[in-house]
Amino acid sequence: LPAIPLLKELANIEKKWKNVLEEYRLVNDFKFYYTPRRLVFFHENFAEKQEDSFAEFIGAPKNVTYKDGVLTPAGQSFLQKAGISENELTFKEIKGKEVLYHQKAIKGLQSQEILGEMIEKFLKSLSFGKSMRWGANSFEFIRAIRSI
Numbered sequence: 001l002p003a004i005p006l007l008k009e010l011a012n013i014e015k016k017w018k019n020v021l022e023e024y025r026l027v028n029d030f031k032f033y034y035t036p037r038r039l040v041f042f043h044e045n046f047a048e049k050q051e052d053s054f055a056e057f058i059g060a061p062k063n064v065t066y067k068d069g070v071l072t073p074a075g076q077s078f079l080q081k082a083g084i085s086e087n088e089l090t091f092k093e094i095k096g097k098e099v100l101y102h103q104k105a106i107k108g109l110q111s112q113e114i115l116g117e118m119i120e121k122f123l124k125s126l127s128f129g130k131s132m133r134w135g136a137n138s139f140e141f142i143r144a145i146r147s148i
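With my numbering applied, the sequence shown has no gaps in its numbers, which climb one by one up to 148 at the end.
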């Protein structure tokens, strides 16, 4: 990598990799090393799997969800957003109002399934100034990537 662009981006590289790890729920400690030819993220115990998590969906108030016993467009929109059917609708009191509510468990994926996507997202987040396409790929980077 050219020295000046690398030095300008150097302060952000570690933070950007940490942000990607957090986004993909694979948070763990690592050490960062670099040379002009290599960027190294050394993980002693890289997680084999993402942490399981929960997604909360909060919708319209109860009085807006049904009109004359029929589900309104606001209620139907919530069903689509949460990916549930009408018989799975639940309400929860939040800030004194009863609103549509659904909590969905999200099972963590294996690290090997998402690692390629994570690396690509990280590389695209780096800002070295001018980037170029290398070979027949549409991916742009400051220099050709030989191995990952």
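Heads up, the beta-carbon is just placed ideally off N, CA and C, and yes, glycines get one too. If you're wondering where the values come from, they're calculated on a predicted model, not measured in any experiment.
A direct Cα-to-Cα measurement between T90 and D68 gives close to 18 Å. In this structure, the CA atom of V99 is about 20 Å from the CA atom of A105. Counting the other CB atoms within 10 Å of its CB gives T35 a total below 16, which places it among the exposed residues. In the three-state scheme derived from DSSP, where H, G and I count as helix and E and B as strand, L10 is classed as helix.
Leaving aside the five residues that flank Y24 on each side, the residues in its chain whose CB is nearer than 7 Å to its CB run, in chain order, Q50, I114, M118. CA-to-CA, the gap between E93 and K107 works out to about 27 Å. One Cα belongs to F32, the other to E14, and the distance between them is close to 7 Å. In the DSSP assignment, A74 falls within the alpha helix (DSSP H) that extends over 73-82.
In the DSSP assignment, G59 falls within the beta strand (DSSP E) that extends over 53-61. Linking Q110 to I148 through their CA atoms gives a straight-line distance of about 19 Å.
Here S131 is near E140, since their CB atoms are less than 8 Å apart. Here A3 carries a helix assignment [DSSP, helix/strand/coil]. The Cβ-Cβ distance between F46 and F78 does not fall below 8 Å.
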